[in-house]
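Asker:
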Amino acid sequence: MRPVVFLSALFLVMLYWMADLYRPFLVDLAIATLLAIATASLRENIERRLPCPSTVRRPLMAAIVMTLGLAFVLFGPILYFVVNIAFQIESISTFVGQLSNLKGMLEGWLEQLPPSLAFIKTEVEKLFYGFEHQQFTQDMINLATQMGKQSLLFLWDIVLILTFYFFAQLYGQDIIHFLGRVSPLSESDNRLIYTETSQVMGVVFYSSLVTAILEGALFGILVAFFGYDPIFFGISYGFASLVPVLGGVMMWGPLALVELSAEHYENAIVIALYSIIIISVIADTFVKPIIIQMINRRLLKASRHKAQAGEPVSAGINPLLIFFSIVAGLSAYGFWGVILGPAITALFISILKIYGMLKLPSTEES
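When you line the sequence shown up against my numbering, it's residues 209 to 574, in that order.
1) Where do the ends of the alpha helix (DSSP H) carrying residue 236 lie?
2) Out of curiosity, what's the CA-to-CA distance linking residue 427 and residue 403?
3) Would you say residue 370 and residue 248 are within 8 Å of each other, going by their C-beta atoms?
4) Using CA atoms only, rank isn't needed, just tell me which of 245, 444, 401, 474 is closest to residue 434.
5) Taking residue 429 as part of the alpha helix (DSSP H), name the residues at either end of that continuous run.
6) Is the beta carbon of residue 450 sitting closer than 8 Å to the one on residue 420?
7) What number of angstroms, rounded off, separates the C-alpha of residue 217 from the C-alpha of residue 210?
8) Roughly how many angstroms separate the alpha carbons of residue 440 and residue 226, rounded to a whole number?
9) How do the region 380-397 and the region 529-546 stand: do at least 3 beta-carbon pairs fall below 8 Å, yes or no?
10) Rounded to the nearest angstrom, what separates residue 560 and residue 235 at their Cα positions?
11) According to the Cβ coordinates, are residue 363 and residue 484 closer than 8 Å?
12) Tell me whether residue 481, by its Cβ, gets closer than 7 Å to a heavy atom of the ligand GTP.
13) Just to confirm before moving on: does the CB-CB distance between residue 443 and residue 563 stay below 8 Å?
14) Could you check which residue in 499, 469, 366, 502 has the C-alpha nearest to that of residue 544?
15) Comparing C-alpha positions only, which one of 381, 407, 256, 531 sits nearest to residue 555?
16) Return the CA-CA distance between residue 417 and residue 214, expressed in angstroms with no decimal places.
17) With residue 476 as the anchor, note down where its alpha helix (DSSP H) starts and where it stops.
18) What's the C-alpha gap between residue 250 and residue 432?
19) If you drop the 5 nearest sequence neighbours on each side, which residues of the same chain put their C-beta closer than 6 Å to that of residue 479?
20) Rounded to whole angstroms, what is the Cα-Cα separation between residue 445 and residue 456?
21) What number of angstroms, rounded off, separates the C-alpha of residue 400 from the C-alpha of residue 558?
22) To which residues of the same chain is residue 282 closer than 7 Å at the C-beta, ignoring the five residues directly before and after it?
23) Return helix, strand or coil for residue 455, following the three-state DSSP convention.
24) Applying the 10 Å Cβ sphere with the 16-neighbour rule, what's the burial state of residue 542?
25) Look at residue 411 and residue 504 and say whether their C-beta atoms are less than 8 Å apart.
26) Cα separation between residue 501 and residue 490?
27) Please classify residue 637: is it buried, with 16 or more other beta-carbons within 10 angstroms of its beta-carbon, or exposed?
28) Quick check: residue 547 and residue 242, are their CB atoms within less than 8 Å of each other?
29) With a threshold of 6 Å on Cβ separation, who are the neighbours of residue 488 within its own chain once the five nearest residues in sequence on each side are excluded?
30) Can you give me the C-alpha to C-alpha distance between residue 430 and residue 266, rounded to a whole angstrom?
31) Helix, strand or coil: which one does DSSP assign to residue 470?
32) May I have the straight-line CA-CA distance separating residue 377 from residue 368, to the nearest angstrom?
33) Distance cutoff 8 Å, beta carbons only. Does residue 218 sit that close to anything in chain D?
34) Residue 435 by DSSP, collapsed to three states: which one?
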């Protein structure tokens, strides 16, 4: 047996055992690595601007700054959300009581409908079928408790991700150089894969962050006028906005029902129309694609400036494909699919490009 064959077989066996050993941390490690790749250019800019006289300490200081920044962006809002969820449980009984009032109001209106509109009464009765005040209250409390538990697990994932992210930022360049040496691909092919993935992840990370802040701020401003906590609902809407189509409805729908049950009809109409027109239509449908396109062009321009002569440069990925990769990632992997979906898509497209370049010489010869 040739040494190469034996070493390859041994590598595959050890790769299986390494994957089995670190299985509980693989997703968190992948997320941290992809986030580090997405923010690599930002880390380089911070490292160059640090007022640290020692060049040895600059990578460490840059890694600390980047990790603290990511912790502020992710850990801070989620911690605020989890703490406030505990206080929101106390208001569930009030919310259910308002739903009971809404049910009584609707029943009174439905009795006045003409026979030709009787089908509306049937549909509404189906909606409230089996509704019992105490049971529904208990179900809502159980749901909120479960959300609290899942949020704590989510916080633990973020702690692990921040830890891996710090080491990825600190030793990222060394790891990339090592993988480049052991990779059977050429240096230009390795550079293409890294550039493609870095650009796509940068577009996803920055565009998701900007649109979540924008839509969360718009919704926070809205609810502040009606006496609700703008920070809590703004953060909640920001995370919900990552879920296409139905994400925003999950936030403004219950608030509109609460206002409707309290007979604040104007407030309910304003919440619904503002959320649909200003946030869903204008911000999400028109502004978000513009943000993605602007970030995509900026990152593509930066990668071309950094590329060395003769090396392949990423041509960029269509923003529509990035959008569908996010949707597919959310359905397949949950919240972190926002990062995993585009990364898998970018790697696949990079491999296709390299395969096309490998096939090109044989096509020309024939």
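Positions of the beta carbon are idealized from the N, C-alpha and C atoms, including for glycine.
Answerer: In short, the structure shows the following:
1) Locating residue 236 in the sequence shown gives position 28, counting from the first residue. Per DSSP, residue 236 belongs to the alpha helix (DSSP H) from 234-246.
2) The residue labelled residue 427 in the question sits at position 219 within the sequence shown. The residue labelled residue 403 in the question sits at position 195 within the sequence shown. Approximately 36 Å, taken between the alpha carbons.
3) In the sequence shown, counting from the first residue as 1, residue 370 sits at position 162. In the sequence shown, counting from the first residue as 1, residue 248 sits at position 40. Contact: no.
4) Here residue 434 refers to the residue found at position 226 of the sequence shown. Residue 474 is the option with its Cα nearest to residue 434.
5) Taking the sequence shown and counting its residues from 1, one reaches residue 429 at position 221. Looking at the DSSP string, the run of the alpha helix (DSSP H) that includes residue 429 is 395-432.
6) Position 242 of the sequence shown, counting from 1, holds the residue named residue 450. Position 212 of the sequence shown, counting from 1, holds the residue named residue 420. The answer is yes: Cβ separation under 8 Å.
7) Here residue 217 refers to the residue found at position 9 when the sequence shown is read from its first residue. Here residue 210 refers to the residue found at position 2 when the sequence shown is read from its first residue. If you take the alpha carbons of residue 217 and residue 210, they lie about 11 Å apart.
8) In the sequence shown, residue 440 corresponds to position 232, counting from 1. In the sequence shown, residue 226 corresponds to position 18, counting from 1. The alpha-carbon atoms of residue 440 and residue 226 are separated by roughly 41 Å.
9) no
10) As a position in the sequence shown, residue 560 is number 352, starting the count at 1. As a position in the sequence shown, residue 235 is number 27, starting the count at 1. In a straight line, the C-alpha of residue 560 is about 24 Å away from that of residue 235.
11) As a first step, residue 363 is located in the sequence shown; it is residue number 155 there, counting from the start. As a first step, residue 484 is located in the sequence shown; it is residue number 276 there, counting from the start. Contact: no.
12) Questions concerning the ligand GTP fall outside what the structure shown contains, since it holds no ligand whatsoever.
13) Working through the sequence shown from its first residue, we reach residue 443 at position 235. Working through the sequence shown from its first residue, we reach residue 563 at position 355. Their beta carbons are not under 8 Å apart, which means residue 443 does not touch residue 563 by this criterion.
14) Here residue 544 is taken as the residue at index 336 of the sequence shown, counted from 1. The shortest Cα separation from residue 544 among 499, 469, 366, 502 belongs to 366.
15) Counting from one through the sequence shown, the residue named residue 555 turns up at place 347. For the residues 381, 407, 256, 531, the minimum Cα distance to residue 555 belongs to 407.
16) Taking the first residue of the sequence shown as 1, we reach residue 417 at position 209. Taking the first residue of the sequence shown as 1, we reach residue 214 at position 6. C-alpha separation (whole angstroms): 47 Å.
17) Position 268 of the sequence shown, counted from the start, is the residue given in the question as residue 476. 473-481 is the extent of the alpha helix (DSSP H) around residue 476.
18) Numbered from 1 along the sequence shown, position 42 holds the residue referred to as residue 250. Numbered from 1 along the sequence shown, position 224 holds the residue referred to as residue 432. Using only the alpha carbons, I get a separation of about 34 Å.
19) For this step, residue 479 is matched to residue 271 along the sequence shown. Hits under 6 Å: 460, 463, 464.
20) Position 237 of the sequence shown, counting from 1, holds the residue named residue 445. Position 248 of the sequence shown, counting from 1, holds the residue named residue 456. If I take the Cα positions, the gap works out to 6 Å.
21) Counting from one through the sequence shown, the residue named residue 400 turns up at place 192. Counting from one through the sequence shown, the residue named residue 558 turns up at place 350. Cα-Cα distance, rounded: 7 Å.
22) Within the sequence shown, numbered from 1, the residue matching residue 282 stands at position 74. Cβ neighbours of residue 282 beyond the five flanking positions: 366.
23) To locate residue 455, count along the sequence shown from 1; it is residue 247. Correct three-state label for residue 455: coil.
24) Position 334 of the sequence shown, counted from the start, is the residue given in the question as residue 542. When all chains shown are included, residue 542 counts as exposed.
25) Residue numbering aside, residue 411 sits at position 203 when the sequence shown is read from its first letter. Residue numbering aside, residue 504 sits at position 296 when the sequence shown is read from its first letter. It is a contact, given that the beta carbons lie within the stated cut-off.
26) Translated into positions along the sequence shown, residue 501 becomes position 293. Translated into positions along the sequence shown, residue 490 becomes position 282. The alpha-carbon atoms of residue 501 and residue 490 are separated by roughly 16 Å.
27) Absent from the model: residue 637. The displayed extent of the chain is 209 to 574, so no value can be given.
28) As a position in the sequence shown, residue 547 is number 339, starting the count at 1. As a position in the sequence shown, residue 242 is number 34, starting the count at 1. Yes, the Cβ-Cβ distance between residue 547 and residue 242 is below 8 Å.
29) Numbered from 1 along the sequence shown, position 280 holds the residue referred to as residue 488. Around residue 488: 456.
30) Stepping through the sequence shown from its first residue, residue 430 is reached at position 222. Stepping through the sequence shown from its first residue, residue 266 is reached at position 58. Near 43 Å, if we compare the C-alpha coordinates of residue 266 and residue 430.
31) Within the sequence shown, numbered from 1, the residue matching residue 470 stands at position 262. Residue 470 falls in the coil class under three-state DSSP.
32) Translated into positions along the sequence shown, residue 377 becomes position 169. Translated into positions along the sequence shown, residue 368 becomes position 160. The straight-line gap from Cα to Cα measures roughly 14 Å.
33) The displayed structure is made up of one protein chain only, and chain D is not part of it.
34) Numbered from its first residue, the sequence shown carries residue 435 at position 227. If DSSP states are grouped into helix, strand and coil, residue 435 belongs with coil.
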